[in-house]
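The block underneath contains the structure these notes are about, expressed in structure tokens.
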Amino acid sequence: MASAPENEKNASAPEKKTLTLKSMINNEEFVVDEHVALQSVTIKNMVDSDCAGDVIPVPTISGEILALVIEYCKNHANPSASEDDLKKADAGIVAKDIYTLIDLVLAANFLDIKGLLEVTSQKIADSIKDLPHQDVREIFGVENDYTPEEEAAVRAEHDWAFEGFP
Amino acid sequence: MDALLLHCPSMAKRPCCSSPTESPLVLNPSPTAPKPDPLDRLLESFLGLSDLPSLSLDLSLDRLLESRPCDSDQDDMIDRVMRLGSALLEAGRRSARKRATFHNAVVWALPPDLTIKVFSMLDTQSVCYAAATCTFFHKCASDPLCYANIDLTAVVPRVNNVVVSTMIQRAGKVLQSIKLGLVPGPTASPESSQSLVYTIRNSVDASGFSWNDKRSRQGKESSILTRSCLSSLSGDSDAPGTICIIVSMPISP
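Pasting the structure below:
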């Protein structure tokens, strides 16, 4: 998690390159080490194809979400982090409300960061596991848009699952 | 360089519509909207009647009916009142559903592929609950990927052969694993359950899978599953790779 130690400045290591990611939603800028940013396949492809400038604009991802994404990338770019450390750090990052989680899924998908997409999707799935549809509506803030007939048909389709539920 | 500006769904922070009364989703009619249809204007003034106490409506209808001399005219009028009432009711419900669908698309910003990804991480019963939540979820929950890893383990046995084969058919070619059987309830100790893992390399081997022996060991709580629930696997002769089948069952103490 901590930034790379100073003593890495030996002759064999080239000058550490950084990239600046800029949220186009609120113009917040983040300076990150290149190897951290390259965990995003989207950014890696840009850098590899030489179309990344000094500042990489990231559209439709807010600074708040981008900060979380960068935190994740930093954690996972740290070679000395143990499996356990990473799990704990990931759990901290996804301990968010449903709207932040949805934004994180979209950001992870857009930036193509597979691990982050997995943990955020899993967190959303966990939040509705074993819960009947009324609870799912409440948790996700979605509304019932079925006709009564359609809803009855969907429940009949899975009558075994709804046994004992009102 | 703004290569990142391409194709990205809106991720702007959504308004959190916790209260249905404060409705940020109302679509304001654009000021350049075409002239309202005469019917719209009639309906709008008609809707003003909903503010009246119902007694005044009753009285007014009574007066109108009395003004009709003949019986059949009165019947006809009452019939019209009923029809208009239910037509309005239906129209109101339809609009409410449409708005709910629109609301859901704003609140649940994940596109179908990402929604399917989330659902594919759920056990099968939870996918069924999600499907009953709203029409968009139902569409997503019909995707075979949601059933690639069928997990029908439960504390109480309620799954039967039909359910298992339905889910296998839904998964089709993307089927990877099936988990069946009973898991210990919260009161039981973890040792009271045992998992048996079967690996089926292809459909032909599925017939060698001996369910009945194991089933008899489940004692009284024997579920209503038999080997035939896997019969739909046989249809998938071109199913690639390996399907893993895990059966959990409580062991009598």
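Line by line, the protein sequences give chains A and B.
Taking this note's numbering, the leading residue of the first sequence gets 76, the next gets one more, and so forth.
Taking this note's numbering, the leading residue of the second sequence gets 77, the next gets one more, and so forth.
In this text, a Cβ means the ideal position worked out from N, Cα and C, and glycines have one as well.
Predicted model only: the values in this text are computed from it and were never measured.
In chain B, what lies closer than 8 Å to A:K204 by C-beta?
Those within 8 Å of A:K204 in chain B are L198, D199 and S202.
Please tell me whether A:H151 has its Cβ less than 7 Å away from any Cβ of chain B.
It does not; no Cβ of chain B falls within 7 Å.
Starting from A:T95, trace the beta strand (DSSP E) in both directions and tell me its first and last residue.
Per DSSP, A:T95 belongs to the beta strand (DSSP E) from T93 to S98.
Cα-Cα, which of A:K171, A:V211, A:C126 and A:V169 is closest to B:L198?
Of the candidates A:K171, A:V211, A:C126 and A:V169, the one whose C-alpha sits nearest the C-alpha of B:L198 is A:V211.
Quick one, which residues of the region 208-221 of chain B are near chain A if we go by CB-CB under 7 Å, in chain order?
Those residues of the region 208-221 of chain B that come within reach of chain A (Cβ to Cβ, closer than 7 Å) are A208, T209, C210, T211 and H214.
Taking Cβ to Cβ, would you say A:A111 is nearer than 7 Å to A:A156?
Here the sequence assigns Val to residue 111 of chain A, which means Ala is not the residue at that position. Taking 7 Å as the Cβ cut-off, A:V111 and A:A156 do not qualify as a contacting pair.
Quick one: what does DSSP say B:C222 is sitting in, helix, strand or coil?
In the three-state DSSP reduction, B:C222 falls in the helix class (H, G or I).
Per-residue contacts from B:C246 into chain A (C-beta, under 9 Å):
The question names Cys, yet the displayed sequence has Arg at residue 246 of chain B. Chain A residues near B:R246: none, gap ~11 Å exceeds 9 Å.
Terminal residues of the alpha helix (DSSP H) in which B:G161 lies
Unbroken alpha helix (DSSP H) run through B:G161: D147 to V183.
Cβ-based burial, B:L118 [other Cβ within 10 Å; buried from 16]
Residue environment: B:L118 is assigned as exposed (fewer than 16 neighbouring CB atoms within 10 Å of its CB, all protein chains considered).
For B:T191, decide whether its Cβ has a neighbour in chain A, counting only Cβ atoms nearer than 7 Å.
It does not: the Cβ of B:T191 has no partner Cβ on chain A nearer than 7 Å.
So, is the C-beta of B:V250 closer than 7 Å to a C-beta in chain A?
It does not: the Cβ of B:V250 has no partner Cβ on chain A nearer than 7 Å.
With distance defined between alpha-carbon atoms, name the residue in B:P220, B:H214, B:P112 and B:K111 nearest to B:Q252.
Minimum Cα distance to B:Q252 is reached at B:P220.
Nearest residue (CA-CA) to A:K91, options A:E109, A:D159, A:E103 and A:D129
When each option's Cα is compared against that of A:K91, the closest is A:E109.
What is the DSSP secondary structure of A:I136, reduced to helix, strand or coil?
Three-state DSSP puts A:I136 in coil, outside helix and strand.
Within the 7 Å Cβ cut-off, does B:N237 reach chain A?
No, B:N237 does not count as interfacial toward chain A.
Give the secondary structure of A:V169 by DSSP, where H, G and I count as helix, E and B as strand, and everything else as coil.
Look at A:V169 here: in three-state DSSP terms it is helix.
B:L190 vs A:N184 beta-carbon contact at 7 Å
The answer is yes: Cβ separation under 7 Å.
So that I know if they touch, is there some Cβ in chain A lying closer than 7 Å to that of B:L258?
No, B:L258 does not count as interfacial toward chain A.
Could you tell me the boundaries of the alpha helix (DSSP H) in which A:I188 lies?
Counting along the chain, A:I188 falls outside any alpha helix (DSSP H), and DSSP gives it neither H nor E.
Opposing strand residues paired with A:E104 [DSSP bridges]:
Its beta-bridge partners are A:K97.
Quick one: what's got a C-beta closer than 8 Å to A:I214's C-beta in the same chain, skipping five residues either side?
Contacts found: I173, S202, I203 and L206.
Going by DSSP, what residue range makes up the alpha helix (DSSP H) through B:S121?
Its alpha helix (DSSP H) spans residues P114 to L123.
Is there at least one Cβ from chain B nearer than 7 Å to A:S196's Cβ?
At least one chain B Cβ lies under 7 Å of A:S196.
Figure out for me which residue from B:F212, B:C305 and B:D138 has the closest Cα to the Cα of B:V235.
That would be B:C305, whose Cα lies nearest to the Cα of B:V235.
Quick one: any contact between the region 207-215 of chain B and the region 214-232 of chain A, if contact means 3 or more CB pairs under 8 Å?
Touching, yes, given that three or more Cβ pairs across the two stretches are closer than 8 Å.
Would you please verify whether the beta carbon of B:Y223 is less than 7 Å from any beta carbon of chain A?
For B:Y223, the answer is no, since every Cβ of chain A falls outside 7 Å of its Cβ.
Using Cβ-Cβ distances below 8 Å, what residues of the region 161-192 of chain A are close to chain B?
Cβ contacts with chain B: Y174, I177, D178, V180, L181, A182, N184, F185 and L192.
Mind checking which residues open and close the beta strand (DSSP E) that includes B:S253?
For B:S253, the uninterrupted beta strand (DSSP E) run begins and ends at S253 to G257, by DSSP.
With C-beta atoms as the reference, is B:I192 less than 7 Å away from B:K255?
In this structure, B:I192 sits away from B:K255, with a CB-CB distance that is not shorter than 7 Å.
Just to confirm my understanding: we take A:D123, look at its own chain, exclude 5 residues before and 5 after, and list those with CB closer than 6 Å. What are they?
Close CB contacts of A:D123 within its chain, under the 6 Å cut and outside five residues either way in sequence, are absent.
Outcome for B:N180 when other beta-carbon atoms lying within 10 angstroms are tallied against a minimum of 16
Burial call: buried.
How would you write the range of the alpha helix (DSSP H) that A:N120 sits in, first residue to last?
In this chain, the alpha helix (DSSP H) harbouring A:N120 covers V116 to D123.
I'd like to check one pair, A:L143 with A:D98: are the Cβ atoms closer than 7 Å?
The amino acid at residue 98 of chain A is misidentified as Asp; the sequence shows Ser. Result no, Cβ atoms of A:S98 and A:L143 do not sit closer than 7 Å.
Inter-residue spacing [alpha-carbon to alpha-carbon] between A:L161 and A:V194
Straight-line Cα distance between these residues: approximately 11 Å.
Which word fits A:D159, buried or exposed, when buried means at least 16 other C-beta atoms lie within 10 angstroms of its C-beta?
With fewer than 16 Cβ atoms within 10 Å of its Cβ, A:D159 is classed as exposed.
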